Amino acid sequence: MQVNIDITHLVEPPTLEEELTMERRILDLNECNDVEELRRCCAAAYRQNHHQAHFVSRCLEEIALLQARIACLKNPVKQPERNWIHNLFYGK
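Below you can see the structure in the form of structure tokens.
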């Protein structure tokens with residue numbers, strides 16, 4: 336059984352204010368002549384991207400596990416009854 340993860344309802348586009356703020360910051364970086372500041376910004380952006388990607392990955396794993404649990408609870412698998420030989424060796 337395959338568990339499909341639908342996260343499209345979690346993705347919302349940024350607000351106009353958020354997009355304009357981001358674009359303003361990008362323009363500021365493009366106009367910057369200080370190489371050291373650009374290097375610090377690049378390193379900070381890379382670190383932030385790495386941490387966010389790891390966080391999102393772990394969240395998706397947890398969502399998949401929880402959806403699998405829900406699927407198992409909705410459609411439980413009936414275990415076969417033990418026969419007398421199994422009870423003899425492994426107990427009841």
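If you read the sequence shown in the numbering used here, its first letter stands for residue 336, the second for the next number, and so on.
C-beta: ideal position from N, C-alpha, C; glycine also.
Since the model is a prediction, treat every value here as computed from it, not as a measurement.
So for R404, helix, strand or coil by DSSP? helix
Verify whether the separation of the beta carbon atoms of P349 and M357 is less than 9 Å. yes
Rounding to the nearest angstrom, what Cα-Cα distance links H389 and E372 in this structure? 26 Å
Where T350 falls: helix, strand or coil (DSSP): coil
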